[in-house]
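A.B. asks: Sharing a structure here in structure tokens format.
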Amino acid sequence: MSSFADQTFTPPELIRNFCIIAHIDHGKSTLADRMLQLTGVVEERAMRAQYLDRMDIERERGITIKAQNVRLPWKVGTTEHVLHLIDTPGHVDFTYEVSRALEACEGAVLLVDAAQGIEAQTLANLYLALEKDLTIIPVLNKIDLPAADPDRYAAEIAHIVGCEPDDVLRVSAKTGLGVRELLDEVVRVTPAPVGDPDAPARAMIFDSVYDTYRGVVTYIRVVDGKITPRERIKMMSTGTTHELLEVGIVSPEPKPSVGLGVGEVGYLITGVKDVRQSKVGDTITSQRHGATQPLTGYREPRPMVYSGLYPVDGSEYPDLREALDKLQLNDAALTYEPETSAALGFGFRCGFLGLLHLEITRDRLEREAGLDLISTAPNVVYRVIKDDGTEMTVTNPSDWPTGKVAQIFEPVVKVTVLAPSEFIGTIMELCQGRRGQLGGMDYLSESRVELRYTMPLAEIIFDFFDALKSRTRGYASLDYEEAGEQEAELVKVDIMLQGEAVDAFSAIRHKDDAYSYGTSMTTKLRELIPRQQFEVPIQAAIGSRIIARENIRAIRKDVLAKCYGGDITRKRKLLEKQKEGKKRMKTIGRVEVPQEAFVAALSTDSAGDAKSGKK
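For the sequence shown, position 304 matches number 304 in UniProt numbering, and the numbering has no gaps at all.
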């Protein structure tokens with residue numbers, strides 16, 4: 001194998017840029033492993049499973065979170081081509097990672113499990129690729145499994161993509177069967193990148209990561225001109241300029257090179273310490289004689305779900321701030337701002353793309369910074385118009401207006417569910433119970449159906465995914481995308497202890513669902529909060545109206561233990577004295593909610609939600 005690092009620019013006609021799009025667990029990372037081995041960029045002794053999944057959490061969960069790219073040499077006949085493979089995540093929460101990867105490609109390998117068929121998230125990513133006019137190469141993976149039914153699913157894919165069933169390639173990423181033919185097909189059908197080598201340099205940033213020792217590493221795809229080390233470059237959206245310390249390729253470890261030409265994918269290092277200066281989707285050009293027209297980047301990711309993150313130990317607040325700052329360097333979609341809670345102290349209100357994103361972020365903060373965190377129940381962004389016409393955005397139940405409200409708007413999403421046709425009835429019942437409106441239904445084959453619903457996002461971020469999986473014996477798959485907003489009848493449910501609202505337990509619910517939330521939360525807290533010296537009422541209220549109540553009975557000391565015999569008035573006197581003391585204690589006493597009760601109440605309430613991000 002010839003070393004690329006010391007070569008000159010590769011002619012664009014020999015370059016092929018492609019990505020792999022697939023559902024979770026359909027074998028993307030395993031297929032990438034076989035490609036790395038076949039092309040010889042990874043030696044056998046250095047090879048490990050899921051080579052491109054670098055984070056521990058990716059390897060443990062078996063899912064890809066960060067898109068990775070790698071340069072592969074591949075000979076067809078006597079001609080040596082350069083393939084740039086971008087391995088993308090399959091989960092709906094990481095669609096922004098997929099969209100940026102697609103911007104850097106001309107072809108996409110559509111990978112489908114031959115035992116499961118096409119899934120909702122694969123379909124969503126396929127539509128993204130078709131919107132970008134990418135050449136689609138349909139592939140069935142896992143054909144060596146006993147449960148595989150390649151003929152049936154090849155017909156299904158052909159129906160969706162619009163090709164013949166015989167055009168669908170069949171591979172086994174595990175054994176390597178058919179992978180050589182797949183690489184030949186990638187070279188044959190994927191168009192070579194098009195660009196003007198003599199024009200001013202223009203390159204698109206499709207990812208950036210933070211390296212502790214070298215600062216920000218920016219991954220780019222060159223469209224026009226060339227990028228060489230030691231020149232000064234300009235970021236077109238911010239106007240900032242930097243000197244290029246190093247330009248190189250990833251094969252599969254970073255290697256410095258003489259520069260990057262038209263169509264090439266690689267990395268650059270400027271020594272900058274702030275990833276926000278390397279915005280994904282931004283265009284890089286030369287400072288002298290640079291381009292005037294930026295490339296069309298992809299849109300900024302917008303948070304869909306908000307949750308408060310608080311350290312269990314209040315003194316760890318500065319550490320949490322530092323950990324979030326570092327994490328944001330690697331995750332452009334994470335947003336956060338400080339907030340305080342009477343119950344939980346100082347923390348941050350964080351914005352996420354979905355529940356898996358929330359769960360992964362919390363997991364990474366706890367692992368990488370060694371923090372113990374409480375996350376409040378997730379909620380979405382509401383737009384509230386008050387009676388006086390003023391408008392406000394609510395991301396936290398504690399910001400809910402106290403006065404009269406004229407209109408409330410909540411975000412809605414378009415939901416796609418793919419499932420065997422025998423489950424149509426149960427899926428419809430579930431979606432309608434969650435205020436869903438049927439948008440359409442299509443049969444992909446005689447046994448598989450696609451249902452499209454419009455639903456409030458708030459109904460999905462709780463236990464919708466779990467309910468869907470359990471009702472369809474795990475066969476249904478779910479995908480959703482934002483679809484604007486709709487007016488809704490929503491109320492804020494306050495949970496009160498001893499007549500005082502505890503902000504951490506407040507929630508915004510649809511008025512039909514408020515009573516069930518109130519009763520479940522009061523029942524749960526009655527079991528979690530330890531008994532006090534006095535009786536403690538736990539109430540759920542909407543405004544001034546109490547909708548549910550539970551009592552924590554007082555601990556009673558036996559004041560009559562030493563009172564043997566004698567007149568009954570002695571006993572009565574002692575009991576009256578105790579009663580007076582409890583009455584006084586009730587007026588001045590405060591209920592201390594132990595941290596464990598917060599953790600248990602909020603995690604049991606949101607454990608179902610977090611699971612909804614998992615496979």
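All C-beta atoms, glycine included, are put in the ideal place defined by N, C-alpha and C.
All values reported here derive from a predicted model rather than from experimental measurement.
Among residues of its own chain, excluding the 5 on either side of residue 472, which ones have a beta-carbon nearer than 8 angstroms to its beta-carbon?
C.D. replies: Within the same chain, residue 472 has close Cβ partners 419, 420, 423, 426 and 427.
A.B. asks: Hey, quick one: how far does the alpha helix (DSSP H) through residue 425 stretch, first residue to last?
C.D. replies: Where residue 425 is concerned, the enclosing alpha helix (DSSP H) stretches over 424-433.
A.B. asks: In three-state DSSP terms, what is residue 469?
C.D. replies: Of the three classes helix, strand and coil, the one that applies to residue 469 here is helix, per DSSP.
A.B. asks: Looking at residue 135 and the ligand SAH, is the gap between the Cβ and the nearest heavy atom below 6 angstroms?
C.D. replies: As for the ligand SAH, it is missing from this structure, which has no ligand bound.
A.B. asks: By how many angstroms is the C-alpha of residue 536 removed from the C-alpha of residue 573?
C.D. replies: Each residue's Cα considered, the two are about 24 angstroms apart.
A.B. asks: Of the residues 217, 165 and 180, which one's Cα is nearest the Cα of residue 171?
C.D. replies: Of the listed residues, the one whose Cα sits closest to residue 171 is 180.
A.B. asks: As a quick exercise: from 514, 295 and 232, pick the residue whose alpha carbon is nearest that of residue 240.
C.D. replies: Checked all of 514, 295 and 232; the closest Cα to residue 240 is 232.
A.B. asks: Going by alpha carbons, who is nearest to residue 505 out of 371, 519 and 512?
C.D. replies: The residue with the shortest Cα to Cα distance from residue 505 is 519.
A.B. asks: Would residue 479 pass as a contact of residue 416 if the rule is Cβ separation under 7 angstroms?
C.D. replies: Going by C-beta atoms, residue 479 is nearer than 7 angstroms to residue 416.
A.B. asks: Under 7 angstroms, do residue 494 and residue 458 count as touching if we go by C-beta distance?
C.D. replies: The answer is no: Cβ separation not under 7 angstroms.
A.B. asks: Can you grab the Cα-Cα spacing for the pair residue 341 / residue 401, in whole Å?
C.D. replies: Distance between the alpha carbons of residue 341 and residue 401: 17 angstroms.
A.B. asks: Could you tell me the boundaries of the alpha helix (DSSP H) in which residue 184 lies?
C.D. replies: Element bounds for residue 184: 179-189.
A.B. asks: Between residue 23 and the rest of its own chain, which residues show a CB-CB distance below 6 angstroms, the 5 nearest in sequence each way excluded?
C.D. replies: Cβ within range, chain order: 90, 119, 121 and 122.
A.B. asks: Alpha carbon to alpha carbon, how far is residue 83 from residue 73? Give it in angstroms, no decimals.
C.D. replies: Between residue 73 and residue 83, the C-alpha separation is close to 6 angstroms.
A.B. asks: Of the residues 16, 248 and 468, which one's Cα is nearest the Cα of residue 134?
C.D. replies: It is 16.
A.B. asks: Indicate whether residue 379 and residue 349 have their beta-carbon atoms separated by less than 7 angstroms.
C.D. replies: Their beta carbons are not under 7 angstroms apart, which means residue 379 does not touch residue 349 by this criterion.
A.B. asks: Could you check how far apart the C-beta atoms of residue 177 and residue 138 are, in whole angstroms? I think they sit under 8 angstroms.
C.D. replies: Rounded, the Cβ-Cβ distance is 17 angstroms, inconsistent with contact.
A.B. asks: Under the three-state reduction of DSSP, which class applies to residue 397: helix, strand or coil?
C.D. replies: Helix.
A.B. asks: In angstroms with no decimal places, state the Cα-to-Cα distance between residue 206 and residue 405.
C.D. replies: C-alpha separation (whole angstroms): 43 angstroms.
A.B. asks: By Cβ distance below 6 angstroms, which residues in the same chain neighbour residue 522 in space, the five residues on each side in sequence not counted?
C.D. replies: Counting only Cβ-Cβ distances below 6 angstroms, and skipping sequence neighbours, we find 538, 540, 548 and 550.
A.B. asks: Please list, in chain order, all residues of the same chain as residue 467 whose beta carbon is under 8 angstroms from its beta carbon, the five residues on each side excluded.
C.D. replies: Hits under 8 angstroms: 430.
A.B. asks: Helix, strand or coil for residue 174? Go by DSSP, reduced to three states.
C.D. replies: Of the three classes helix, strand and coil, the one that applies to residue 174 here is coil, per DSSP.
A.B. asks: With H, G and I counted as helix, E and B as strand and the rest as coil, what does DSSP make of residue 161?
C.D. replies: Reduced to three states, the DSSP call for residue 161 is helix.
A.B. asks: Considering only the alpha carbon of each residue, which of 508, 130 and 260 lies closest to residue 382?
C.D. replies: Of 508, 130 and 260, the residue nearest in Cα terms is 508.
A.B. asks: Can you check the region 259-289 for any beta strand (DSSP E) of at least 3 residues that lies completely inside it and give the ranges in chain order?
C.D. replies: DSSP runs (the beta strand (DSSP E)) wholly in the region 259-289: 265-269 and 283-286.
A.B. asks: Given a cut-off of 7 angstroms on the beta-carbon distance, is the pair residue 377 and residue 353 in contact?
C.D. replies: Cβ atoms of residue 377 and residue 353: not closer than 7 angstroms.
A.B. asks: Output the distance between the C-alpha atoms of residue 107 and residue 367, rounded to the nearest integer angstrom.
C.D. replies: Approximately 36 angstroms between the Cα atoms of the pair.
A.B. asks: Can you give, in chain order, each stretch of the beta strand (DSSP E) that sits fully within the region 490-571 and has at least 3 residues?
C.D. replies: As far as the region 490-571 is concerned, its whole beta strand (DSSP E) runs of at least 3 residues are 490-497, 507-510, 536-542 and 545-552.
A.B. asks: Could you pull the DSSP bridge partners for residue 352 from this structure?
C.D. replies: Residue 352 is bridged to 305.
A.B. asks: Tell me the residue span of the alpha helix (DSSP H) that contains residue 32.
C.D. replies: Residues 28-39.
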